[in-house]
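Heads up, the thing below is written out as structure tokens.
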Amino acid sequence: MTRIASGSTRRGFITSALALAAATRLSRAAAAAPLAVPEVDTLVLQVLVDNATFGPFLSNFERPGLKVEYGSGRPAPRMSARALTGEFGLSVLARSQLASQSRSVMVDFGYSPEVLANNLALLGIDTSELNAAVLSHGHLDHYGGFPAVFGDHVPAKHLPLIVGGEETFCERVAFIGSPPPVMGALDRTALAKAGLDVQINAEPMLVADHAFTTGRIPLESFERAAIPTQMRPGVGCDAAALSASKRDAKQLADDGEHELATCYAVKGAGLVVIASCSHRGVLNSVKRAQAVSGIQKVHAVVGGFHLVKPRTEDEARRTVAEFTKIDPTYIVPMHCTGEVFIAEALRVMPEKIVRPYVGTRLTFAAPTGARPA
Ligand SMILES: [Fe+2]
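In this text, residue positions in the sequence shown follow the working numbering: the first is 13, and each later residue adds one.
Right, dumping it as structure tokens:
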């Protein structure tokens, strides 16, 4: 399994480390930026739910501004009979540090409570550490696991859950078969019962002091809102709270208007964009994060880029080409990204590509030097 550039050289890493280290202060177009975004010292992303797991055979490694750890970091006297589980869903835990201040944010909840609960337990994560959660959009593979966040131990004070619009709660129909199966709807009452307190915000906002959401993502690149679901206004959601052009429809194509990316600015490194499912386009998501923060340097783009149906293989390859212009230091494809993008990205810019699995920890910080594996 290829994890990173097989052809990368020590000299290449040193060069990129020096270039990154020179950017000790992120340049900003502060006057134009709508949000004053803090710069965290470190950001650790841990994969809680994704498609794939891997045994204990991958070596941890470091690159400039990035540490990748494949083990759980929890040595035990006896191997567990249980194992980390993969499924077609996404959940990421983001832990950040700014001076002495620590923050913890869960981004999405995976597909099923059983998998999220299993993986949280095996990774030793106590969800009482969470300060907030973000749900990127109202699809089952991102919200389905939410009952597992606190299990039977609902906290006295509910956890803030940021979503991008009322559309999050509309019933969906998935155009993945004939007849198209009903995906269902996110249940507000069940969310409250599970200890989550919904906040709807279509504008960019700070989350738990350290993170920020993009708010609504404009379609500003060649990318289109190609989404394999339709939504039913008024079923599960309040039709009157939807956009005027949608509220009277019985069923209409999703356009991802409510979808959010969750982002961080890492001091001396740049933006880390967690794109989740990228139904508005991963490039559009990154551009929006740049516009919101006023920070142009992109350290990493992480998540599902949805370069599978209804998007085409040509669109996947074109996205790789466009990424070379944005020039993020790292690209971490997950979930719904698809093999065409991954193969093309490994061909064009192998040094940038990192492959995570369930349990993988990615630590982002300002580069301090080159430490090739
Ligand atoms: Fe998804």
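We put the CB at the ideal spot given by N, CA and C, even for glycine.
All of these numbers come straight from a predicted model, not from anything done at the bench.
* Asked: Under the criterion of a Cβ to heavy atom distance below 7 Å, does C289 qualify as lining ligand 1?
  -> yes
* On a CA-only basis, which of S233, F353, V298, V313 is nearest E325? Give me that one, please. => F353
* **Run of the alpha helix (DSSP H) containing R75, from where it starts to where it stops** => Not the alpha helix (DSSP H): R75 falls in the beta strand (DSSP E), residues 73-75.
* May I have the straight-line CA-CA distance separating I229 from S108, to the nearest angstrom? => 24 Å
* **Bridge partner(s) assigned by DSSP for L236** => Note that residue 236 corresponds to Arg in the displayed sequence, not to Leu. R236 is not bridged to any residue.
* To do: Run through the region 316-371 for me and flag every whole alpha helix (DSSP H) of 4 or more residues, listed as ranges in chain order.
  => 325-338, 351-360
* Asked: For H311, which three-state DSSP category applies?
  -> strand
* With burial defined as no fewer than 16 other Cβ atoms inside 10 Å of the residue's Cβ, what is the status of E178: buried or exposed? -> buried
* Asked: With which residues is K79 paired in a DSSP beta bridge?
  -> E74, T375
* Asked: At a cut-off of 7 Å, is L102 close to ligand 1 when judged by its beta-carbon and the heavy atoms of the ligand?
  -> yes
* **Simplified DSSP assignment, three categories, for Q113** => strand
* Would a C-beta distance cut-off of 8 Å place M243 and E183 closer than the cut-off? -> yes
* Asked: Any idea if R359 is buried or exposed, counting beta-carbon neighbours within 10 angstroms, 16 or more meaning buried?
  -> exposed
* Asked: Can at least three beta-carbon pairs, one atom from the region 147-159 and one from the region 252-259, be found at a separation below 8 Å?
  -> no
* To do: Out of A64, C249, A281, F162, state which residue places its alpha-carbon closest to the alpha-carbon of P76.
  => A281
* Closest Cα partner of L203 within the set V175, A220, S190 -> V175
* To do: Report yes if the C-beta distance between E351 and R329 is below 8 Å; otherwise report no.
  => no
* Is the CB-CB distance between V127 and V61 below 8 Å? -> yes
* Asked: Under three-state DSSP, which class holds E51?
  -> strand
* Asked: Count the other CB atoms within 10 Å of the CB of S297; is the residue buried (16 or more) or exposed (fewer)?
  -> buried
* Count the other CB atoms within 10 Å of the CB of A34; is the residue buried (16 or more) or exposed (fewer)? -> Bear in mind that a pLDDT of 43 at A34, under 50, signals an unreliable position, so the number given afterwards is only what the model happens to contain. So A34 counts as exposed.
* **Beta-bridge partners of M243, as assigned by DSSP** => R184, L264
* Close beta carbons around A251, own chain, < 7 Å, minus the five adjacent residues each side -> P245, R259
* Asked: Hey, out of T54, L142, A95, whose CA is closest to S112's CA?
  -> T54
* Which of helix, strand or coil DSSP assigns to N130 -> helix
* Asked: Taking the DSSP output, what are the residues bridged to T274?
  -> T225, I286
* Asked: When every heavy atom of ligand 1 is checked, does at least one fall within less than 7 Å of the C-beta of H347?
  -> yes
* Start-to-end residues for the beta strand (DSSP E) that takes in A160 -> That residue, A160, is in no beta strand (DSSP E); it is neither H nor E in DSSP.
* Determine the extent of the alpha helix (DSSP H) in which A202 is found, giving its start and end residues. => 200-205
* Below 8 Å between beta carbons: does that hold for T372 and V119? -> no
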